[in-house]
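Numbering (this note's numbering), first residue to last: -19 to 248.
Beta carbons: idealized from backbone N, C-alpha and C, even for Gly.
Input: a single structure, listed below in structure tokens.
Encoded structure:
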């Protein structure tokens, strides 16, 4: 079943649950802009639009159901400091020829590698949250194997842990900082950083088969400004480093990756 159809079916289920059970329905929509590398490991960045939207259904009996542009989430214990959630999201696609938004320019650094299609990922999110800080651990695995570069590597698996803390708050403004680190199996590493014999024949890249290991570590800072209880604006900056097998890939031109994004969001 296609991901858009899966989301549509689940969203219909959320509305049915909302009408037949005591539940609270809320949502959000945001629009902004981001500056980030055109792919993981690239030393070229691009400016592009940023869209965030979603709906949440909070039920006393069934927990928190959410459908958003990030995927699907079922929070089993949303009212507890220790929260367990089930997730359905996607590992982003990658084009071998990147088209820059808002211009006719193209980047052909990966031409010959072939297009990498999006992969549906399922997993769980564990987090412990207090008033001003949060610890979390997330595990995601691909729901099926995908062929890429003439081969079919094992299913992708990535485990990410992190922490976030609010450093400062004043009336309508707040500043938070956080960090995270990821470990990925060989299937995930091959999908994003490997070069098969077929791809090496079509490009100038050498054959590369990365093994499992730490994939990246990152730090970020976020500034939020609340205009009122419904409207807020945010600015987020992030720096991350590609470790070991990922950073040694011939596809990687820069181990250090920087991104910046801004967003205006309305909640209802």
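Residue i: which of the options sits nearest, CA to CA?
i	options	result
residue 29	140, 35 and 11	11
residue 142	220, 173, 181 and 215	220
residue 180	92, 145 and 122	92
residue 71	123, 35 and 160	123
residue 39	54, 25 and 31	54
residue 146	182, 199, 113 and 83	113
residue 157	215, 136 and 133	215
residue 199	25, 136, 227 and 160	160
residue 3	41, 213 and 15	41
residue 235	13, 21, 15 and 201	21
How about residue i and residue j: are their beta carbons less than 8 Å apart?
i	j	result
residue 138	residue 164	yes
residue 47	residue 105	no
residue 108	residue 61	yes
residue 223	residue 194	yes
residue 175	residue 117	no
residue 69	residue 37	no
residue 233	residue 79	no
residue 162	residue 140	yes
residue 218	residue 242	no
residue 65	residue 56	yes
residue 237	residue 81	no
residue 168	residue 225	no
residue 244	residue 203	no
residue 170	residue 189	yes
residue 5	residue 35	yes
Which same chain residues, not among the five before or five after residue i, have their C-beta less than 8 Å away from its C-beta?
i	result
residue 178	129, 130 and 131
residue 152	205, 206 and 207
residue 73	95, 96, 97 and 98
residue 77	86, 87, 88, 90 and 91
residue 43	54, 55, 56, 57 and 58
residue 210	246, 247 and 248
How is the beta strand (DSSP E) around residue i delimited, first residue to last?
i	result
residue 70	62 to 71
residue 171	Careful: residue 171 lies outside any beta strand (DSSP E), inside the alpha helix (DSSP H) at 166 to 173.
residue 51	51 to 55
residue 4	3 to 17
residue 105	99 to 109
residue 238	236 to 247
residue 47	43 to 48
Going by beta carbon distance, what residues of the same chain come within less than 7 Å of residue i, once the five residues before and after it are set aside?
i	result
residue 110	61
residue 212	204, 205, 206 and 245
Does DSSP put residue i in a helix, in a strand, or in coil?
i	result
residue 250	In the structure as shown, the chain starts at -19 and stops at 248, and residue 250 therefore has no counterpart that could be examined.
residue 160	strand
residue 36	strand
residue 219	strand
residue 76	coil
residue 132	coil
residue 197	strand
residue 202	strand
residue 149	strand
residue 116	strand
residue 231	coil
residue 187	coil
residue 123	coil
Within the same chain, show all residues whose beta-carbon is closer than 6 Å to that of residue i, passing over the 5 residues directly before and after it, in chain order.
i	result
residue 33	9 and 49
residue -1	Since pLDDT at residue -1 reaches only 47, below the 50 mark, its modelled position is unreliable, and no value is offered.
residue 115	108 and 143
residue 19	74
residue 185	175 and 230
residue 196	162, 220 and 222
residue 187	175, 177 and 180
residue 134	167
In terms of residues, what are the limits of the alpha helix (DSSP H) holding residue i?
i	result
residue 21	No alpha helix (DSSP H) holds residue 21; DSSP gives it neither H nor E.
residue 227	224 to 227
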